[in-house]
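Quick mapping for you: the protein sequence lines, in order, are chains D and C.
Each residue of the first sequence is one higher than the one before, starting from 37 at the first, in this note's numbering.
Each residue of the second sequence is one higher than the one before, starting from 12 at the first, in this note's numbering.
Idealized CB from N, CA, C, for every residue including glycine.
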Amino acid sequence: MKLFPTQEVGSLMRAPFLRKQLDESVISETEYWGRLLGVERYEVLVDKLRREDYTVEELRNWASLYAIRLHEAAGLDVVWDGEQKRIEMYEHALRQVKGVEFLGKVKVWDAETYNKAAIKSKPQLAENTYVPEFQFAKRHARRELKVPLTGPYTLAEWSFDEYYISRPRTTGSLIERRREAKREMVFDLAREVVRPVILSLVENGANRIQIDEPAATTKPDEVGLFVEAFNEIVKGVNARFTIHICYSDYTLLFPYILEAKAHELSIECANKDAVSLGQDERRGYEILKLFREHSVDFALAPGVIDVHTDFIEPPELVRDRLLHAAKIFGDPSRIIACNDCGLRTRKWDVAYRKEVNLVRGASIARETLE
Amino acid sequence: MALGIEASHVGGAMPRSEELIRAFRRVAEGREPYSSVLVLAKSEASKLIEMQRRLGLTYLVEGQLLWHDILRPFTELLEGVKTGPLTRWFDNNLFYKKPIIVSNILRTTSILEKYVFTDLLSGVNWKLILPEPYTFYRLSANQSYSRWEDLVLDFAGILVEELKTLAGTGPALLQLSAPCLAEKKLDTDQVETVKESLRIVKNGYNGLLMVHLFFYDASNAFPWILDSPADVIGIDPFVTAPELIRGYSFERSLAIGCVDARNSHVESVEEIGYLFNSFAECVEARAYHLTTNTDLEYLPRHVADAKIERLAEAYRILGGGLS
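If you want it as structure tokens, here you go:
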């Protein structure tokens with residue numbers, strides 16, 4: 037198997053024609069990217085934009101195609117459509133669920149917010165846009181696909197609970213009753229929402245699925261619950277599963293993560309790392325020692341591209357990060373080259389150049405070891 | 012039951028309205044001057060004060076709507092502090108910017124007057140929320156002080172200087188938010204430093220001093236917190252085991268945060284009363300305060316407002332306030 041295979045982590049900023057007022061500059065940008073990425077028949081889209089003759093669904097399909105081609109043109113081994121058809125990872129997932137009500141914006145930091153929902157009754161999957169989304173990507177992708185889904189623990193942790201805590205419980209202290217309520221909420225989201233989506237995707241040919249669990253370590257005493265819920269959704273499913281956790285205290289994952297039935301764990305490291313070259317000391321990858329000490333049996337995808345800066349990592353920096361990570365982890369064959377997280381906050385030119393250098397850096401790292 | 016409920020008030024950082032959130036974003040993107048946020052935030056603060064007054068709460072908050080996080084005024088305006096990376100705020104999906112202590116901290120400008128609408132608070136019994144000094148230290152990255160104790164005590168001194176600038180319109184109730192005092196049991200040296208820092212604040216401030224222990228089991232700070240200079244000790248009953256504080260008796264007030272600021276379920280008066288009584292029966296305090304377990308900023312604004320209304324209703328029905 038190829039050393040340092042490359043993959044993205046999910047999201048990409050919306051295609052120019054989805055996120056802006058459609059003026060001539062947007063049309064030119066659409067034309068530019070269509071030509072650069074080799075998007076087949078992009079002239080049709082450009083013509084439709086000029087004539088203002090399109091539907092929103094058509095534009096979303098074009099956006100999905102453009103994003104797939106961006107990842108492919110950069111040279112990634114595993115690609116996705118940049119979540120062009122989704123709102124964002126939390127709201128998109130719960131908009132398809134019965135028993136959930138969105139209550140309004142809550143702060144995440146400064147002026148950044150998200151639309152937070154309350155679970156009002158037992159959640160049930162009412163709609164499944166993931167299958168047509170995957171089918172479209174499958175029809176067009178020339179590389180292997182990896183479908184990102186938000187995991188049950190994060191869906192629960194980022195939601196209010198108005199149902200489970202209100203159910204009558206006769207025993208236990210308030211703390212115990214709330215703990216039990218949280219557990220029920222996580223497992224209902226696992227069994228009634230996320231697992232049915234996974235099964236439907238696999239039935240339609242998906243064989244790589246990424247479960248996003250950025251909330252996994254939010255509550256240190258619930259890390260075990262996140263792992264249990266993960267194992268519940270993948271139980272008996274024949275696909276390759278990646279868990280993605282970013283901007284977290286990874287020390288809290290232990291020992292629970294050792295029980296996770298995952299093939300890969302994707303974590304953010306580049307954000308904590310220096311940008312100078314060198315393979316001896318790299319503070320962003322110190323955490324990999326812990327994974328080695330625990331002899332984890334999954335592959336590791338430490339981010340080598342920082343998604344929160346416009347700095348374009350040169351291929352040599354990507355190389356050094358990968359080689360250093362491989363050395364610390366102790367097994368280059370289980371190191372995957374990817375970003376810290378999705379690139380949704382970066383403009384397409386920045387995202388594209390970062391991905392190109394990710395691929396180049398992985399290639400020279402590979403050559404170094406081979 | 013519930014005799015002796017002497018006051019009711021809410022956690023001070025309120026959620027911003029969606030309109031104010033949008034305004035902050037426009038400012039962050041450089042599309043509007045900061046003054047536009049000030050106008051809007053002040054108008055919202057004014058309505059918030061009026062609502063609490065109408066509902067009969069004892070100490071009113073102006074919402075601290077200009078504060079991105081409770082540490083930020085100090086992170087941005089203290090000399091010796093740099094703004095660090097986004098960091099998770101305890102076990103929440105909320106992040107603050109970590110203060111990096113690069114040299115001994117020094118107050119070279121008035122801080123709170125830039126963040127609090129004091130002109131709305133003249134003649135008002137109001138409540139201000141500030142970081143407790145040990146908690147401030149724990150949430151910072153100290154790259155300068157060789158003794159962490161000095162950072163804690165210096166910060167306490169700075170709080171006093173700041174409170175003095177508010178003199179005429181100062182808060183009647185000062186809440187020091189102190190999750191780090193309850194996160195785990197502190198050792199003797201840590202406790203002595205915390206007590207000393209609280210003494211510095213208490214000696215430099217004329218109003219009621221409340222130390223609010225939330226997010227963690229408050230029993231971790233018992234019994235030493237009872238010997239501290241705090242007039243009011245706040246607990247979070249959603250994470251505190253009543254049996255661990257059962258039997259304590261003290262000549263201070265106990266603030267019980269019976270309204271959960273981290274969940275949208277709006278508690279009924281019965282639920283609030285039941286929770287209040289289950290703790291008030293455990294601990295014999297001089298008097299009791301009925302409050303929220305933490306700041307209401309974890310909720311959408313309309314839910315926070317509904318919680319304030321319900322808290323005030325419970326306060327009336329349980330025997331405090333206007334009844």
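Rounded to the nearest angstrom, the Cβ distance from C/G91 to C/I116 is 4 Å, consistent with a contact under 8 Å.
Residue ranges of uninterrupted beta strand (DSSP E) with 3 or more members, entirely inside the stretch 142-189 of chain D and ordered along the chain, are 148-161 and 183-186. Within the stretch 193-224 of chain D, the residues whose Cβ lies closer than 8 Å to some Cβ of chain C are E193, W194, F196, D197, E198, I201, S202, S209, L210, I211 and R214, listed in chain order.
Setting aside the 5 residues that flank it on each side, D/Y150 is surrounded in the same chain by E124, Y126, E127, K141, V142, V144 and W194, each with a C-beta closer than 8 Å to its C-beta; the list follows chain order.
Contacts with chain C (Cβ-Cβ distance below 7 Å) from the stretch 134-146 of chain D involve L139, G140, K141, V142, K143, V144, W145 and D146, listed in chain order. Around the beta-carbon of D/D83, fewer than 16 other beta-carbon atoms lie within 10 Å, marking it exposed. Contact between the stretch 19-32 of chain C and the stretch 375-384 of chain D is not established, with fewer than three Cβ pairs separated by less than 8 Å. When the beta-carbon positions are compared, C/I246 and C/I267 come within less than 8 Å of each other.
Of the residues D/C282, D/L294 and D/R227, the one whose Cα lies closest to the Cα of D/V270 is D/R227.
Those residues of the stretch 263-280 of chain C placed with their C-beta closer than 7 Å to a C-beta in chain D are N274, S275 and H276, ordered along the chain.
DSSP links C/M221 through a beta bridge to C/Q186 and C/V243. What D/A99 touches in chain C, judged by beta-carbon distance under 8 Å, is nothing: the nearest beta carbon there is about 23 Å away. Chain D has a Cβ within less than 8 Å of the Cβ of C/R36.
Residues of the stretch 306-324 of chain C that bring their beta carbon within less than 9 Å of a beta carbon in chain D comprise E308, Y309, L310, P311, R312, H313 and V314, in sequence order. The stretch 238-255 of chain D makes contact with the stretch 284-302 of chain D, as at least three CB pairs between them are under 8 Å. Short of 6 Å from the beta carbon of C/S57, and not among the five residues preceding or following it, lie these beta carbons of its own chain, in chain order: L131. It is roughly 26 Å from the alpha-carbon of C/G134 to the alpha-carbon of C/R263. Uninterrupted alpha helix (DSSP H) stretches at least 4 residues long and entirely within the stretch 284-357 of chain D occur at 324-329, given in chain order. Using beta-carbon distances, C/L97 counts as an interface residue toward chain D, with a partner under 8 Å. Listed by position along chain C, the residues whose Cβ is nearer than 7 Å to that of D/T149 are I32.
In this structure, D/A147 is the residue among D/T42, D/A147 and D/R122 with its C-alpha nearest to the C-alpha of C/A34. For the options D/L261, D/Y292, D/E300 and D/R244, the alpha carbon positioned closest to that of D/V273 is the one of D/R244.
C/P110 is positioned such that its CB atom lies no closer than 8 Å to that of C/T146.
Closer than 8 Å at the C-beta level to chain D, one finds these residues of the stretch 104-125 of chain C: N104, L105, F106, Y107 and K108.
Collapsing the DSSP output to three states places C/F226 in coil.
Within chain C, not a single residue places a beta-carbon under 8 Å from that of D/K325; the smallest gap is close to 22 Å.
Taking CB atoms only, C/A252 has a neighbour in chain D less than 8 Å away.
Counting along the chain, C/G95 sits inside the beta strand (DSSP E) bounded by residues E90 to R99. D/Q246: member of the beta strand (DSSP E) spanning R244 to D248, first to last residue. Less than 8 Å divides the Cβ of D/W98 from the Cβ of D/L81. Leaving aside the five residues that flank C/S275 on each side, the residues in its chain whose CB is nearer than 8 Å to its CB run, in chain order, L310, P311 and V314.
Scanning the stretch 47-72 of chain C from its first residue to its last, no whole beta strand (DSSP E) run of 3-plus residues comes out. Taking 8 Å as the CB threshold, D/A252 stays off the interface with chain C. Taking 8 Å as the upper bound for CB-CB distance, D/G46 and D/P184 are in contact here, some 4 Å apart. The Cβ atoms of C/L177 and C/T129 sit closer than 8 Å to each other.
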